[in-house]
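Asker: Can you read through this structure? Questions will come right after.
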Amino acid sequence: MRVVLRNPRRELEVAGPISVTKLLRQLDLNRESVLVVRGDTLVAGDAVLSDDDTVEIRPVISGGAS
Amino acid sequence: MKCTVCRGEAVIDLRRHNANFCREHFLRFCRDQVAKAIAEHRMFGPDDRVLVAVSGGKDSLALWDLLVELGYRAEGLYIDLGIGSYSEASTATSVAFAESRGLTLHRVDLREEHGYDIPTAAAVTRRVPCSSCGLSKRHLFDEVARTGGFDVVATGHNLDDEAAVLLGNVLHWQTEYLGRQAPVLEERDGFPKKVKPLVRLSERETAAYCVLRGIDYIVEECPMAAGNRHLRYKEALNALEAASPGTKHAFYFEFLDKAADRFRPEARASQEELRPCTSCGAPTTAEVCAFCRLVERVRGAEPVPVEVLGSKGRRRRRRNGAARDGAAAEAGATAAAAGERVRP
Numbered sequence: 049m050r051v052v053l054r055n056p057r058r059e060l061e062v063a064g065p066i067s068v069t070k071l072l073r074q075l076d077l078n079r080e081s082v083l084v085v086r087g088d089t090l091v092a093g094d095a096v097l098s099d100d101d102t103v104e105i106r107p108v109i110s111g112g113a114s
Numbered sequence: 052m053k054c055t056v057c058r059g060e061a062v063i064d065l066r067r068h069n070a071n072f073c074r075e076h077f078l079r080f081c082r083d084q085v086a087k088a089i090a091e092h093r094m095f096g097p098d099d100r101v102l103v104a105v106s107g108g109k110d111s112l113a114l115w116d117l118l119v120e121l122g123y124r125a126e127g128l129y130i131d132l133g134i135g136s137y138s139e140a141s142t143a144t145s146v147a148f149a150e151s152r153g154l155t156l157h158r159v160d161l162r163e164e165h166g167y168d169i170p171t172a173a174a175v176t177r178r179v180p181c182s183s184c185g186l187s188k189r190h191l192f193d194e195v196a197r198t199g200g201f202d203v204v205a206t207g208h209n210l211d212d213e214a215a216v217l218l219g220n221v222l223h224w225q226t227e228y229l230g231r232q233a234p235v236l237e238e239r240d241g242f243p244k245k246v247k248p249l250v251r252l253s254e255r256e257t258a259a260y261c262v263l264r265g266i267d268y269i270v271e272e273c274p275m276a277a278g279n280r281h282l283r284y285k286e287a288l289n290a291l292e293a294a295s296p297g298t299k300h301a302f303y304f305e306f307l308d309k310a311a312d313r314f315r316p317e318a319r320a321s322q323e324e325l326r327p328c329t330s331c332g333a334p335t336t337a338e339v340c341a342f343c344r345l346v347e348r349v350r351g352a353e354p355v356p357v358e359v360l361g362s363k364g365r366r367r368r369r370r371n372g373a374a375r376d377g378a379a380a381e382a383g384a385t386a387a388a389a390g391e392r393v394r395p
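So the sequence lines, in the order shown, correspond to chains R and G. When the letters of the first sequence are read in order and numbered with the working numbering, they come out as residues 49 to 114. When the letters of the second sequence are read in order and numbered with the working numbering, they come out as residues 52 to 395.
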């Protein structure tokens with residue numbers, strides 16, 4: 049599957065099927081710090097992503113001042 | 052994974068609440084959390100005019116959307132900070148959000164109206180950008196609230212912001228700041244009331260709210276904020292949260308319940324008498340307020356492109372080590388994050 053990462057934007061190929069939780073662990077990402085976005089919605093931790101999926105892993109931590 | 056409420060397909064799991072939600076029930080959860088924060092902390096009522104500090108990021112746009120959804124009279128204020136392409140994208144996103152919903156967005160352009168931008172101010176003052184940025188924003192939010200007849204200024208500080216500021220204040224035993232840290236700063240001597248209605252939502256939740264509501268927001272981090280201490284505190288708290296869900300909520304809300312009052316006398320004692328700035332009339336402890344002194348110092352300086360400042364900042368951080376950034380500048384960044392005022 050295609051995995052899009054942000055800040056800076058880059059792409060990875062990861063073999064599916066794989067659960068969201070396992071994908072984040074494989075990429076050494078803290079699930080508290082990111083969302084996994086597929087199309088216009090989110091995928092929960094136990095959802096299984098297939099080889100033909102494209103997902104964005106979006107960081108949610110920001111600098112603080114609004 | 053099933054929605055805890057309706058057993059439909061869940062799109063998000065919130066381990067700190069031991070709950071999973073479908074889109075509809077997650078959006079309702081967010082509205083309920085904000086309504087609860089507003090009511091519990093007596094932030095404002097249905098007749099109050101609320102000025103929302105808008106940056107184009109997830110928190111401020113989620114906040115504005117939620118307040119409108121809850122039926123409040125909320126208008127936005129966007130300040131163009133002149134941070135290169137980042138500010139251009141932030142402006143476009145904020146304007147598009149307001150126009151798509153028919154909402155009123157007030158705008159202030161630092162360069163056009165006050166003769167400087169944040170990269171230039173940082174270069175001239177030789178302080179980290181968050182210092183002049185926070186000072187400028189606080190002054191202008193206060194000014195627009197005062198002149199526009201708003202009852203309250205609402206900022207998008209979320210649970211992660213507040214927990215990170217608390218951690219920083221505790222690590223350095225900033226007892227005066229601990230005494231001021233609260234979801235509400237009451238109106239005082241010309242300063243408007245300031246509130247943080249998102250304190251019950253984490254930033255993962257505000258980002259999720261935006262995705263599920265179809266709100267286009269700026270995902271990129273401010274190029275001036277990269278590597279600041281506040282971000283490192285958030286990372287540390289998220290590592291604890293991953294191991295023990297609910298840690299951030301307990302840290303912040305137990306502080307409010309059990310410890311904050313102990314520091315209030317110190318915060319009150321440190322409050323100096325305020326008088327009007329002889330230049331702009333804003334409340335200040337000095338003859339001329341910090342904002343007017345900043346404008347006087349940086350207005351007319353040769354503009355410094357953000358790319359130049361960014362590379363200098365990176366070199367300086369490598370040379371000195373990020374932990375030794377100036378203490379005064381750090382206090383400015385912390386105060387900006389907490390929505391608190393740094394008095395001259």
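Glycine included, every Cβ here is placed at the ideal spot set by N, Cα and C.
My parser needs the alpha helix (DSSP H) runs of 4 or more residues fully inside the region 180 to 205 of chain G; what are they?
Answerer: 180 to 199, all fully within the region 180 to 205 of chain G.
Asker: A63(R): buried (16+ other C-beta within 10 angstroms of its C-beta) or exposed?
Answerer: When all chains shown are included, A63(R) counts as exposed.
Asker: DSSP beta-bridge partners for F242(G)?
Answerer: The partner list for F242(G) (beta bridge, DSSP) reads R239(G).
Asker: How many Å lie between H208(G) and E254(G) at the Cα?
Answerer: Their Cα atoms are separated by approximately 9 Å.
Asker: Select from L161(G), R177(G), S106(G), F192(G) the residue whose C-alpha is nearest the C-alpha of V146(G).
Answerer: Of the listed residues, the one whose Cα sits closest to V146(G) is S106(G).
Asker: List, from N- to C-terminal side, the alpha helix (DSSP H) runs of 4 residues or more that fit wholly inside the region 130 to 185 of chain G.
Answerer: Within the region 130 to 185 of chain G, the complete alpha helix (DSSP H) runs of at least 4 residues are 135 to 152, 161 to 165, 169 to 176.
Asker: Check whether chain R comes within 8 Å of I63(G), counting only Cβ atoms and requiring the distance to be less than that.
Answerer: Yes, I63(G) lies at the interface with chain R (some Cβ there is under 8 Å from its Cβ).
Asker: Roughly how many angstroms lie between the CA atoms of R344(G) and E104(R), to the nearest whole one?
Answerer: Rounded to the nearest angstrom, the two C-alpha atoms are 45 Å apart.
Asker: I'd like to know whether the C-beta of R158(G) is nearer than 8 Å to at least one C-beta of chain R.
Answerer: False, the Cβ-Cβ gap to chain R never drops below 8 Å.
Asker: On the DSSP bridge assignment, give the partners of P107(R) in chain order.
Answerer: According to DSSP, P107(R) bridges with V82(R).
Asker: Considering only residues of the same chain and omitting the five flanking positions on each side of A352(G), which have a CB-CB separation below 6 Å?
Answerer: Closer than 6 Å at Cβ, skipping near neighbours: T171, V175.
Asker: Got a sec: which bits of the region 83 to 101 of chain R sit with their beta carbon under 8 Å from any beta carbon on chain G, in order along the chain?
Answerer: Within the region 83 to 101 of chain R, the residues whose Cβ lies closer than 8 Å to some Cβ of chain G are L83, V85, D88, T89, L90, V91, A92, G93, D94, A95, listed in chain order.
Asker: For Y284(G), collect the residues of the same chain with a Cβ closer than 7 Å to its Cβ; drop the 5 residues on either side in sequence, then sort them by chain order.
Answerer: Cβ within range, chain order: A215, L218, G219.
Asker: Using DSSP bridges, identify the partner residues of R58(R).
Answerer: Answer is L53(R).
Asker: Using the beta-carbon of each residue, which ones in chain G are nearer than 7 Å to R79(R)?
Answerer: Those are A293, listed as they occur along chain G.
Asker: Taking 8 Å as the threshold (C-beta atoms), are C81(G) and G59(G) in contact?
Answerer: Not in contact: G59(G) and C81(G) (Cβ atoms no closer than 8 Å).
Asker: If you measure from the beta carbon of R106(R) to each beta carbon in chain G, is any gap under 8 Å?
Answerer: With 8 Å as the cut-off, R106(R) counts as an interface residue toward chain G.
Asker: Distance check for A88(G) and E305(G), CA to CA, integer angstroms please.
Answerer: Using only the alpha carbons, I get a separation of about 15 Å.
Asker: Quick one: Cα of I266(G) to Cα of V179(G), how far?
Answerer: Distance between the alpha carbons of I266(G) and V179(G): 31 Å.
Asker: How would you list, in chain order, the residues of chain R whose beta-carbon sits under 8 Å from the beta-carbon of G265(G)?
Answerer: By Cβ distance, chain R contributes D88.
Asker: Go through its chain and collect everything with a Cβ distance to S330(G)'s Cβ below 6 Å, but skip five positions before and after it.
Answerer: Closer than 6 Å at the Cβ level, and outside the excluded window around S330(G), lie V339, C343.
Asker: Looking at the C-beta of R74(G), does it have a partner C-beta in chain R at a distance below 8 Å?
Answerer: Yes, because at least one Cβ of chain R sits closer than 8 Å to the Cβ of R74(G).
Asker: Would you check if the region 261 to 276 of chain G and the region 103 to 119 of chain G touch, i.e. whether three or more CB-CB distances between them fall below 8 Å?
Answerer: As far as the Cβ criterion goes, the region 103 to 119 of chain G touches the region 261 to 276 of chain G, which means the pair count is three or higher.
Asker: Go ahead and pull the three-state DSSP assignment for K109(G).
Answerer: K109(G) falls in the helix class under three-state DSSP.
Asker: If contact means a Cβ-Cβ distance below 7 Å, which residues of the region 217 to 228 of chain G contact chain R?
Answerer: Going along the region 217 to 228 of chain G in chain order, one finds no residue with a Cβ nearer than 7 Å to chain R.
Asker: Which residues in chain R sit within 8 Å of E194(G), going by Cβ to Cβ distance?
Answerer: Near E194(G) there are no residues of chain R at all, since even the closest Cβ is about 17 Å away, more than 8 Å.
Asker: Measuring alpha carbon to alpha carbon, tell me which residue in N55(R), R58(R), R57(R), G93(R) is nearest R115(R).
Answerer: Any question about residue 115(R) goes unanswered here, given that chain R covers just 49 to 114.
Asker: Just checking my contact of L60(R) with V68(R) at CB under 8 Å: how many whole Å lie between their CB atoms?
Answerer: Rounded, the Cβ-Cβ distance is 15 Å, inconsistent with contact.
Asker: Beta-carbon within less than 7 Å of H76(G)'s beta-carbon, same chain only, minus the 5 sequence neighbours each way: which residues are those?
Answerer: The residues are C54, V56, C57.
Asker: Kindly list, in the order they appear in chain R, the residues whose Cβ is closer than 7 Å to that of K285(G).
Answerer: Residues of chain R passing the Cβ test: I109.
Asker: Hey, out of E317(G), L102(G), T198(G), whose CA is closest to G230(G)'s CA?
Answerer: Out of E317(G), L102(G), T198(G), E317(G) has the C-alpha closest to the C-alpha of G230(G).
Asker: Residues of chain R with CB under 8 Å from G59(G), in chain order?
Answerer: Result: empty, since nearest Cβ-Cβ is about 12 Å, beyond 8 Å.
Asker: Anyone know if the C-beta pair for H190(G) and A337(G) falls short of 8 Å?
Answerer: No; because the gap between Cβ atoms is not below 8 Å, this pair is not in contact.
Asker: Can you find a C-beta in chain R that's less than 8 Å from the C-beta of E347(G)?
Answerer: For E347(G), the answer is no, since every Cβ of chain R falls outside 8 Å of its Cβ.
Asker: Determine the direct distance from the alpha carbon of T142(G) to that of R162(G), and round the result to whole angstroms.
Answerer: Those two C-alpha atoms are separated by around 14 Å.
Asker: Does the CB of R367(G) have a neighbour CB from chain R at under 8 Å?
Answerer: Confidence in R367(G) is poor, its pLDDT being 49 and thus under 50, which makes the residue's placement unreliable; the coordinate value appears in the next sentence. Not closer than 8 Å to any Cβ of chain R, the Cβ of R367(G) fails to qualify, so no.
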